[in-house]
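Notes for the one structure printed next.
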Amino acid sequence: MTRRVTSFDVARLAGVSQSTVSRALRNLPNITPATRAKVARAATELRYVPLQSGRSLSTRITGRIAVVSEALTNPFYPQLLEPLRQRLADQGYQTVLIGDHEDDALTVAALSDGSYDGVIDTTASRTSRLPRAMAEAGLPCVLVNRMTDDPDELSCTFDDEAGAARLAGLLIELGHTDFALIAGPEQYSTSARRERGLRTALDEAGLWIPDRRTKHVEFGADSGHRAALELLAQPQRASVLFCLNDVLALGALNAATSLELDVPGDVSVVGFDDIAIAGWDRFALTTVRCDLEALAAEAVDMLTRLVRGLTVDGSRTIEVEVVARQTHAAAKAAVVR
Numbered sequence: 000m001t002r003r004v005t006s007f008d009v010a011r012l013a014g015v016s017q018s019t020v021s022r023a024l025r026n027l028p029n030i031t032p033a034t035r036a037k038v039a040r041a042a043t044e045l046r047y048v049p050l051q052s053g054r055s056l057s058t059r060i061t062g063r064i065a066v067v068s069e070a071l072t073n074p075f076y077p078q079l080l081e082p083l084r085q086r087l088a089d090q091g092y093q094t095v096l097i098g099d100h101e102d103d104a105l106t107v108a109a110l111s112d113g114s115y116d117g118v119i120d121t122t123a124s125r126t127s128r129l130p131r132a133m134a135e136a137g138l139p140c141v142l143v144n145r146m147t148d149d150p151d152e153l154s155c156t157f158d159d160e161a162g163a164a165r166l167a168g169l170l171i172e173l174g175h176t177d178f179a180l181i182a183g184p185e186q187y188s189t190s191a192r193r194e195r196g197l198r199t200a201l202d203e204a205g206l207w208i209p210d211r212r213t214k215h216v217e218f219g220a221d222s223g224h225r226a227a228l229e230l231l232a233q234p235q236r237a238s239v240l241f242c243l244n245d246v247l248a249l250g251a252l253n254a255a256t257s258l259e260l261d262v263p264g265d266v267s268v269v270g271f272d273d274i275a276i277a278g279w280d281r282f283a284l285t286t287v288r289c290d291l292e293a294l295a296a297e298a299v300d301m302l303t304r305l306v307r308g309l310t311v312d313g314s315r316t317i318e319v320e321v322v323a324r325q326t327h328a329a330a331k332a333a334v335v336r
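Going by numbering that gives the first Met the number 0, the letters in the sequence shown line up with residues 0 to 336, in that order.
This is the structure in structure tokens:
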């Protein structure tokens, strides 16, 4: 029989005391970030799972679900978290929000102390170790709005590729041939799949986006603004700024305004997600609507089935729809500056 890994083993590998391991994994004060990270990495390497003191001794159930989330400065996440919280509450679960760490080991350590019945992860990169670590710890985990490169890791996502292709098709039908792309980081499935959908639609129309018109940036309004300024300053301006989320698109709209360009007269700007602010009259952004209520319902159904020991028949995909508002128009002749 394999011996259970203990906190003393973690302490030995990390080169710290056992009490330091205990304080670090419980997020207690007076532990430096470097030490906390070192302990977390050692715990992950040894596949250490703390004793499950937070669970009921009779049922082994805590009634808590951890939701790993990005920074809430992106409006998409608060809009997703509320229906997740409500759906979990309807099933009798308390939602505990866990901030994402750049190092997966820190997040794994925070989740593996027996305090939760399951995990919803909205932050996973395509190579994230967190889903596998949760499986090894025996903790049900569902990825939401994200996928990894491992098809066996359960996810609930939007049909990003189809949505981007449909939006591109609308613009192609309006005569656009000069596209510029403002994309998010390539390590995230949302950005990669949306970009693939766009490029597939363009390829079918005999079009492409040159490298000089492609910007991969962090998902954020400031990033979208800076990328748009660079793209709009090019000698032959693209007729479309195709942004892979609404926050990037709002930044791009601001850039166009600062350059005294008319949207959509001089350039069309489109986004993806249909966050609440995208529909405000001030922006009236053309975008792709993602039904967050439907996503939350499916994700919570998947996770709670896993928590109850039931099977889930693979990952699930939510359909999307193009919302045509006022930031796109038919193409004009190419503008040469």
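Glycine included, every Cβ here is placed at the ideal spot set by N, Cα and C.
In angstroms with no decimal places, state the Cα-to-Cα distance between Ala337 and Thr43. Here the chain has residues from 0 to 336 only, and residue 337 is not among them.
Please tell me whether Val95 and Arg145 are closer than 7 Å, where the distance is taken between their beta carbons. no
Beta-ladder partner(s) of Gly117, from DSSP: For Gly117, which the question treats as bridged, DSSP gives the partners Ile64.
With a threshold of 6 Å (Cβ to nearest heavy atom), would Asp300 be considered close to the ligand NAD? Of ligands this structure carries none, so the ligand NAD is not represented either.
Taking the DSSP output, what are the residues bridged to Ala182? His215
Grouping DSSP H, G and I as helix and E and B as strand, with all else coil, what is Ile317? strand
Exposure label - Phe7; buried when at least 16 CB within 10 Å: exposed
Do Ala104 and Arg40 have their C-beta atoms closer together than 7 Å? yes
Taking the straight line between their C-alpha atoms, what separation do you get for Leu142 and Ala164? Near 23 Å, if we compare the C-alpha coordinates of Ala164 and Leu142.
Helix, strand or coil at Gln93 [DSSP, three-state]: Secondary structure at Gln93: strand, using DSSP grouped into helix, strand and coil.
Buried versus exposed, by CB contacts within 10 Å (16 or more), Arg211: exposed
Let me confirm a value: Glu259 is counted as buried when at least 16 other C-beta atoms fall within 10 Å, else exposed. Which label applies? exposed
Taking the straight line between their C-alpha atoms, what separation do you get for His224 and Val15? 46 Å
Going by beta-carbon coordinates alone, are Leu243 and Ser190 separated by less than 7 Å? In this structure, Ser190 lies closer than 7 Å to Leu243 by Cβ.
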